[in-house]
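In full-length UniProt numbering, the protein residues as written are 1 to 760.
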């Protein structure tokens, strides 16, 4: 008897090796086995009742490109229980007869842990080569050239089910190129990160409500529709499962042949205690995470689901978690999704699984769990001071309180980890709050918001890290002190403060100070000592302030000042060098001529540092204050809607300053634009949107239009531009006059040309 024999059939010739002499009956058994496989039905009976699978066939078969001679690999990816294995099995049953060798390698993750990769490889190649006795060298993962050459001549179909890591995939098949022409490989996984070699990825989605009901009914009633009287109960059940086939089948099986009362009891139970069979399947994805990834997952499940990705990232990074990479891992493992491109979401059953994990930290005592989010449990822990050092995070929705919650002064004392990691306090609208505890141990505290805490009369915040303190609407607040040197924003609008402590002006990082509606504040400080390093500052003053501190100019990095409705403000001091926006709407005591001259002088002065560095500033300047006419020094001004300058010298022209007069009244999305033409061709355009509730007098807005923003202006002569026309338009027809100042560079700095008195 020879050591090889041939099996002939209609689609292929297979060469089967054998390690010893075999009887004729064994040969005949192999022939019969091979023929039966080739004659297997395309749709086995146990697949006839699959739900929601058929609609996926067309999509997946198009991705597999069955007619192509190239080797193609398809990844099927999704969360646990979503139906990846069911779909792959159905495809295998349907398509395997079209191939010369097939293997469905189930439960790769579990089998590799139990038996190792060698046993899985033996099974894979034995089935592909149709020889149960095929084996490899136990000391090596290398596959013989003989085996590879045989596989290279066969068109095979392989399914690798539930692959968990790239290592598992590589150890099973190091190189897919050795497979025969037309071969197809399907890999199912929860971990998208393993798909480095696949051609396409198909994400399995939840079942529709229609298919969910059908699958559930087949599981519980063995019919496609609910039994009479069970319609509402069935809909409640599928609502819990949220389109997950595993959950639908498990829950259906558990309710089979049970009474309506038992159904109602079981469905109520699920609101508090998840089905453990479903939980354990979903938890496999969680078990594959490292420590920091598990912590990130639990924080999202308990606190951060539905929040914007950037916000979640910033919160997690505050606890030194690698948030960006951790979120990517959770996405790849289908534990979370991104909705609308920005919001972090997760399936209800996945979130429930996370809640169960935290609940199991201490079943009976919520105060000994790491995270508290259930309203009743949080209320109980805070009210009776049951927190412990185990607690890391708490969330309480005050809108759900049905009665007053009285807290002891040391209610956070036992939770030694909530305070040291505390980053944000938001007690907006706590109208009965009279004081806050010592926050000096809150080393990571960044933001405190006490808006509309109307009973708060005085406040001291001792913190080294606080960046934002918002006291807007604290109408009883008369005294406050904040010690943080990291303070960037302070909002005291509509408080009762009478004076600002001089220490405020020592805050080197302070960028924003809001004082609107502080009617008891008559002056900022007798002798404020500015430190000169403010950046991007915004200052809103009380309406009865008459003067700004004279040395506000020392705040050289301040870029914006809002002085709206300071009707007693009679003058402005010299403005900070890099100021770009000034809003003094309804400051009717300002002298318009002096203010216009002062602003023009400032605009020229602020550009000198940029000229010396040989680059242009990004000009988005806007100065807005009362005024009913353009100053007389402007030669190019008109009450019409356009003006033409016959010619301008080209060398050293930097741009144009526009002075525009707007009539009194409300500004509701007031669009002001200027189109610039040369010889009838538009070469420049500038637009601003102005909004203000109501102007009680005419106002002037001053803008800068840099020459670099113009299209190329043709030259009639080498050294000057000709026929430059400026057309000003406004959608509310509010422009009563405008003026144009050409701005030129000179040896001494900058100057306005075309004015009766040249500004330099």
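Every residue, glycine too, gets a C-beta built ideally from N, C-alpha and C.
Item	Value
Option nearest residue 514 by Cα separation, candidates 470, 291, 370	470
Residue 369, buried or exposed, once every other Cβ within 10 Å from all chains shown has been counted against 16	buried
Of the listed residues 184, 418, 606, nearest to residue 72 (C-alpha basis)	184
Contained beta strand (DSSP E) runs [length at least 3] in the segment 315-403, N- to C-terminal order	337-339, 343-345
Runs of alpha helix (DSSP H) wholly within the segment 406-483 (minimum 4 residues, chain order)	416-420
Segment contact flag, the segment 382-397 with the segment 407-426, C-beta cutoff 8 Å, min 3 pairs	yes
Euclidean distance between Cα positions of residue 281 and residue 671	59 Å
Top-ranked residue by Cα proximity to residue 65, from 186, 78, 154	186
Residue 240 versus 268, 727, 145, residue with shortest Cα-Cα distance	268
Pairwise C-alpha distance: residue 121 and residue 238	40 Å
Alpha-carbon spacing of residue 583 relative to residue 399, whole angstroms	38 Å
Residue 391 to residue 227 span [Cα, whole Å]	47 Å
Through-space distance from residue 379 to residue 438, alpha-carbon basis	22 Å
Helix, strand or coil at residue 166 [DSSP, three-state]	helix
Pick from 192, 161, 152 that is closest to residue 176, judged by C-alpha positions	152
Residues bridged to residue 490 [DSSP beta-bridge criterion]	469, 513
Sequence-distant residues of the same chain with beta carbon closer than 6 Å to residue 638, five excluded per side	none
Extent of the continuous alpha helix (DSSP H) to which residue 128 belongs	108-128
Residue from 422, 433, 412, 424 whose Cα sits closest to the Cα of residue 404	433
CB contact flag (residue 300, residue 353, <8 Å)	no
Residues of its chain near residue 156, where Cβ-Cβ distance is below 7 Å and the 5 sequence neighbours each way are ignored	99, 100, 101, 102, 128, 179, 180, 183
Three or more C-beta pairs below 8 Å linking the segment 200-213 and the segment 315-327	no
Pair within 8 Å by beta-carbon distance, residue 501 and residue 487	no
Three-pair Cβ contact test at 8 Å for the segment 321-336 versus the segment 245-258	no
Cα-Cα separation, residue 489 to residue 509	9 Å
Residue 289 versus residue 168 - alpha carbon distance	17 Å
Residue 532, DSSP secondary structure in three states	Its pLDDT being 41, under 50, residue 532 is placed unreliably in this model, and the value from its coordinates should be taken loosely. Residue 532 falls in the coil class under three-state DSSP.
Check whether residue 726 and residue 650 have beta carbons under 8 Å apart	no
Same chain only: Cβ atoms within 8 Å of residue 189, ignoring 5 sequence neighbours per side	75, 76, 77, 84, 162, 163, 164, 195
Reference residue 209; option with closest CA among 457, 731, 95, 51	51
Per DSSP, the bridge partner or partners of residue 160	105, 187
Supposed contact pair residue 297 and residue 330 - C-beta distance, whole angstroms, cut 8 Å	6 Å
Counterpart residues of residue 782 in DSSP-defined beta bridges	In the structure displayed, the chain extends from 1 to 760; residue 782 sits before or after that span and is not available.
Presumed contact (8 Å Cβ cut-off) between residue 704 and residue 657, rounded CB distance	6 Å
C-alpha distance - residue 231 paired with residue 362, whole-angstrom precision	38 Å
Among 364, 286, 396, 738, nearest to residue 372 - alpha-carbon criterion	396
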